[in-house]
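Data block below; observations after.
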Amino acid sequence: MDPADFPAPGDGFVLTHFLVVSDQDRSREFYRMLFDAKVILERDPVILKVANSWLILNVGGGPTDDKPTVTLTTPPDPDRTSAFLNVRVADIARTYREWSAKGADFLTEPKDHGREIRAYVRDPDGHLIEIGQSVGSGR
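Residue numbers (my numbering): 1394 to 1532.
Below, the structure is given as structure tokens:
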């Protein structure tokens, strides 16, 4: 493994996104395929390098000594969320075609909202992923 690929900064910090998944192998392959992610760690947890960021995928679980009241779980209702991945692309029409061909199930076709065109995909556990392209003054 190339140490530069691992999300451990020599100075300052890096920002990663942690997702609770029900099946590490299935989710690893979904994100590897969709984002062309580089697999840094196969499992426990899965660590993926995606463009200029990282995704950490791990199964849920009950409280621990450093989060004594928190239980990690996959989304209980995929139609209600408080967070999602936001991916900005240069060409949403091309991304929509390519990701659809890879098996991504978009909620709708890309919709123009003035300053951006966007569409949404769900991962195997129901996590929402926004795909957006800035247009006009948003560029």
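Note that CB positions come from ideal geometry on N, CA and C, so glycine has one too.
6 Å Cβ shell around residue i - same chain, five flanking residues per side excluded
i	result
G1455	T1464
G1519	P1468, P1471
D1398	I1433, K1442
V1414	S1420, L1450, D1518
Proximity below 8 Å, CB of residue i to CB of residue j
i	j	result
I1336	T1488	Coverage of the chain is limited to positions 1394 through 1532, which leaves residue 1336 absent and any answer about it impossible.
I1440	P1400	yes
R1425	L1450	no
Q1381	V1482	The displayed coordinates of the chain run from 1394 to 1532. Any statement about residue 1381 would go beyond what the structure contains.
G1453	T1466	yes
T1474	L1412	no
A1486	F1499	no
Reduced DSSP secondary structure (H/G/I, E/B, other) of residue i
i	result
A1430	coil
F1406	coil
R1508	coil
F1423	helix
R1490	helix
G1455	coil
G1496	coil
G1519	coil
Buried or exposed (CB count within 10 angstroms, at least 16 for buried), residue i
i	result
D1516	buried
F1423	buried
L1408	exposed
A1430	buried
F1406	exposed
P1534	This structure does not reach residue 1534, given that the chain is present from 1394 up to 1532, and the question cannot be answered.
Residues near residue i by beta carbon distance below 7 Å, same chain, minus five either side
i	result
L1427	W1492, K1495, A1497
L1434	I1440
Neighbourhood of residue i by C-beta distance below 8 Å, restricted to the same chain and skipping five residues each side
i	result
E1509	G1525, Q1526, S1527, V1528, G1531
R1436	Q1417, D1418, R1421
Residue i beta carbon near the ligand ADP (any heavy atom closer than 7 Å)
i	result
D1470	Questions concerning the ligand ADP fall outside what the structure shown contains, since it holds no ligand whatsoever.
Does the count of Cβ pairs from the stretch 1433-1452 and the stretch 1489-1505 closer than 8 Å reach three? no
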